[in-house]
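If you're matching them up, the sequences are chains A and B in order. For the first sequence, my numbering gives the first residue as 780, with consecutive numbering after it. For the second sequence, my numbering gives the first residue as 780, with consecutive numbering after it. No residue lacks a Cβ here, since even glycine has one placed at the ideal position from N, Cα and C. One structure below.
Protein chains: 2
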Amino acid sequence: MTVDCVIFDPDDRVLLIRRRNEPFKGAFALPGGFVDIGETVEAGCRREVREETGLDVGDLHLVGVYSDPSRDPRGHTVTAAFTTRLPAAAVPTAGDDAASASWVGDWRANLLAFDHAQILEDAEKWQGIVS
Amino acid sequence: MTVDCVIFDPDDRVLLIRRRNEPFKGAFALPGGFVDIGETVEAGCRREVREETGLDVGDLHLVGVYSDPSRDPRGHTVTAAFTTRLPAAAVPTAGDDAASASWVGDWRANLLAFDHAQILEDAEKWQGIVS
C-alpha cells in the first residue's frame, strides 16, 4: 500500500520530485511512498510529502485508488492518491527518495513515473482545473 | 488491503451479510474481503460480492479509504469502500464467509462489524440518501 499526493499552488502548478532511485530513476513523480504499519493513509501521505519536499500539507482529498497490477514494475502495489493546495507558493527542499523537488507548470511535457500522469489528470478534474 | 461494498436497492435498503467467522462472528457486515495479488480493487470487490451474496454489481464508485490502525482486531488492514445500486431488488444467496445475506432497511438498529457503520454513513451521503 502506497500513497501519492498531488499538490497544486495558486497558479495550478504541481509539486513534483525527481526520483533518486529505480524504478523510473531520474523521472518526475508525485511525492509519496509506502504507508507504514500502524499509520493511516493520510498520516503516511503527510509524512512522505514532508520527507521528500520539506513541506507540510493540510486537508487531503481522496482522488482515487489505483491498483492495476502492472502499474509498478517491482510488483503489485495499490496507491491511494490525494490532492491538496498550498495557499502560497512554498519553497520545497528535496530529501529522502527525491533528488529534487520543484513546482512544475507544464507537467505534460515530461515523462512521469508509474501511472502518475493518470493520477494528475484525475486530480486536475477533482480540483476543477480541467473538465 | 481489503475492499467493502455498500449496495443499495431502489428503496435505499442495503445489502448486508452476517459474518460466519471471527472477528465479529454473527454481526452484520458489508460484503467484502481481501484483495488478491494481481487483482484490481474493483475486480476484488466484484468477486467478493459475488462469493458472499451471489450477485453481480455494475459500476463501482469509490466512497473512501479507511485505514485507522484499530479498525480490525486482527491487525492493520486498509479498506477501499465502494458503493453501487442494483436496479431492482435482487435476491441474494449467502456463500463463502457469509452465513446469510439480506436487504436491510434500518441498518442503524444493528451492530455492525469493524467501521462499517461509518462506511455506510459516508456511502449514504455519496448516494444523496442523507445530507
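| Check | Outcome |
| --- | --- |
| For residue 784 of chain B and residue 856 of chain B, the rounded distance between their alpha carbons | 16 angstroms |
| Span of the alpha helix (DSSP H), counted from its first residue to its last, around residue 898 of chain B | 895-906 |
| Proximity below 8 angstroms, CB of residue 839 of chain A to CB of residue 821 of chain A | yes |
| Status (buried if at least 16 other CB within 10 Å, exposed otherwise) for residue 801 of chain B | exposed |
| Segments of 3+ residues assigned as beta strand (DSSP E) that fall wholly inside the region 822-903 of chain A | 840-845, 858-864 and 877-883 |
| Nearest-angstrom Cβ-Cβ length linking residue 807 of chain A and residue 886 of chain A, presumed shorter than 8 angstroms | 7 angstroms |
| Three-pair Cβ contact test at 8 angstroms for the region 828-836 of chain B versus the region 886-899 of chain B | no |
| Segment limits, beta strand (DSSP E) that includes residue 797 of chain B | 793-798 |
| Residue nearest to residue 850 of chain A in terms of C-alpha spacing, selected from A/794, A/879 and A/891 | A/891 |
| Status (buried if at least 16 other CB within 10 Å, exposed otherwise) for residue 872 of chain A | exposed |
| Residues bridged to residue 781 of chain B [DSSP beta-bridge criterion] | B/813 and B/858 |
| Contact under 8 angstroms by Cβ, residue 830 of chain B with residue 875 of chain B | yes |
| Proximity to residue 832 of chain A [Cα-Cα], best of A/888, A/790, A/843 and A/795 | A/795 |
| Status (buried if at least 16 other CB within 10 Å, exposed otherwise) for residue 811 of chain B | buried |
| Contact residues within the region 847-860 of chain A, judged by C-beta distance below 9 angstroms to chain B | 847, 848, 854, 855, 857 and 859 |
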